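Per the numbering used here, the sequence shown starts with residue 359, numbered consecutively. The beta carbon of each residue, even a glycine, is placed where N, CA and C say it ideally should be. Here the structure is a predicted model, which is why all the values come from computation and not from measurement. Please read the structure below before turning to the comments.
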Amino acid sequence: MSDPQEKQPAEVTDIHNRAMEDLGYIRKAMEGGGPFTAVPGMGQVAVGCTAVLAAAVAFLQPDRTSWLLVWTAELGLATLIVISAMVLKAKRMGHLLTAAPARKTFFGMAPALAAGAILSLVAVRSGELDTLPGTWLLLYGAAVASGGVSSVRIVPVMGASFMVCGLFTLLSPPGFADLFLALGFGGLHIFFGARIAKRHGG
359 MSDPQEKQPA
369 EVTDIHNRAM
379 EDLGYIRKAM
389 EGGGPFTAVP
399 GMGQVAVGCT
409 AVLAAAVAFL
419 QPDRTSWLLV
429 WTAELGLATL
439 IVISAMVLKA
449 KRMGHLLTAA
459 PARKTFFGMA
469 PALAAGAILS
479 LVAVRSGELD
489 TLPGTWLLLY
499 GAAVASGGVS
509 SVRIVPVMGA
519 SFMVCGLFTL
529 LSPPGFADLF
539 LALGFGGLHI
549 FFGARIAKRH
559 GG
């Protein structure tokens with residue numbers, strides 16, 4: 359006849375394993391339901407500063423091809439700044455950029471960003487560059503607003519502000535394009551980036 363005490367270690371181990379599984383499930387559920395907080399406020403401020411400089415340089419270009427090259431270079435620089443700042447902030451806060459909130463944010467932004475890239479290629483191919491500034495601001499704003507649903511509350515507001523700026527850009531004469539790009543990619547990034555940095559840790 360077996361001793362009841364012999365079963366106790368196995369039962370304790372089973373209870374421990376189930377508890378660990380439950381804790382893992384709860385942790386994943388909490389990660390999936392939480393907001394994406396690794397939006398880099400100071401990185402956006404830096405992007406805003408480079409965008410203001412790019413707008414000034416682009417305005418002085420003698421032709422539209424040179425103008426486009428300036429903004430293409432700014433896009434590359436801004437992307438590098440944002441990704442670097444996001445990785446550093448996520449590491450500092452102990453967050454993973456592969457976690458559910460981050461994935462939701464990235465996937466939410468992807469359709470509008472892809473549409474912007476496609477429309478930009480079409481505009482360049484047809485030589486119709488006057489619509490590019492408004493298109494960039496409008497679709498970038500749509501991307502931020504959509505992705506921001508899984509982020510902190512101020513991010514969708516920032517996206518909506520970019521969309522409004524893009525609308526005014528499309529309705530304004532082409533000569534005001536660099537001014538609106540400076541106000542949008544420059545001013546709005548600096549304004550909202552500073553507030554994100556202050557309220558959400560850099």
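> Would you call M451 buried or exposed, if buried means 16 or more other Cβ atoms sit within 10 Å of its Cβ?
Replying inline: Around the beta carbon of M451, fewer than 16 other beta carbons lie within 10 angstroms, which makes this residue exposed.
> Bridge partners of S504, per DSSP?
Replying inline: In the DSSP output, where bridge partners are listed per residue, S504 has none listed.
>> Classify G517: buried if its beta carbon has 16 or more other beta carbons within 10 angstroms, exposed otherwise.
In response: For G517, the number of other beta carbons within 10 angstroms of its own is at least 16, and it is reported as buried.
> When DSSP labels each residue in this structure, what does S530 get in the three-state scheme?
Replying inline: Of the three classes helix, strand and coil, the one that applies to S530 here is coil, per DSSP.
> Out of curiosity, what's the CA-to-CA distance linking K462 and S504?
Replying inline: Each residue's Cα considered, the two are about 10 Å apart.
> So V571 and I439 are in contact, right, with Cβ under 8 Å, and what is the actual spacing, rounded?
Replying inline: As shown, the chain starts at 359 and ends at 560. That puts residue 571 outside it, with no answer to give.
> With 16 other CB atoms within 10 Å as the buried threshold, where does P531 fall?
Replying inline: Exposed: under 16 other Cβ atoms inside 10 Å.
> Excluding five sequence neighbours on each side, which residues of the same chain lie with their C-beta closer than 6 Å to the C-beta of F535?
Replying inline: This sequence places Ala at residue 535; Phe is not what is there. P491, listed in sequence order.
>> Could you compute how far the alpha carbon of K449 sits from the alpha carbon of P398?
In response: Those two C-alpha atoms are separated by around 12 Å.
>> Check whether the segment 462 to 475 and the segment 494 to 510 are in contact - that is, three or more C-beta pairs closer than 8 Å.
In response: As far as the Cβ criterion goes, the segment 462 to 475 touches the segment 494 to 510, which means the pair count is three or higher.
> Under 9 Å between the Cβ atoms of L528 and T489?
Replying inline: Contact: yes.
> Among R511, G474, G466 and L496, which has the Cα closest to the Cα of V522?
Replying inline: Closest option to V522, Cα to Cα, is L496.
> Can you find a CB in chain D that lies within less than 9 Å of the CB of L479?
Replying inline: This model lacks chain D altogether, as it is built from one protein chain only.
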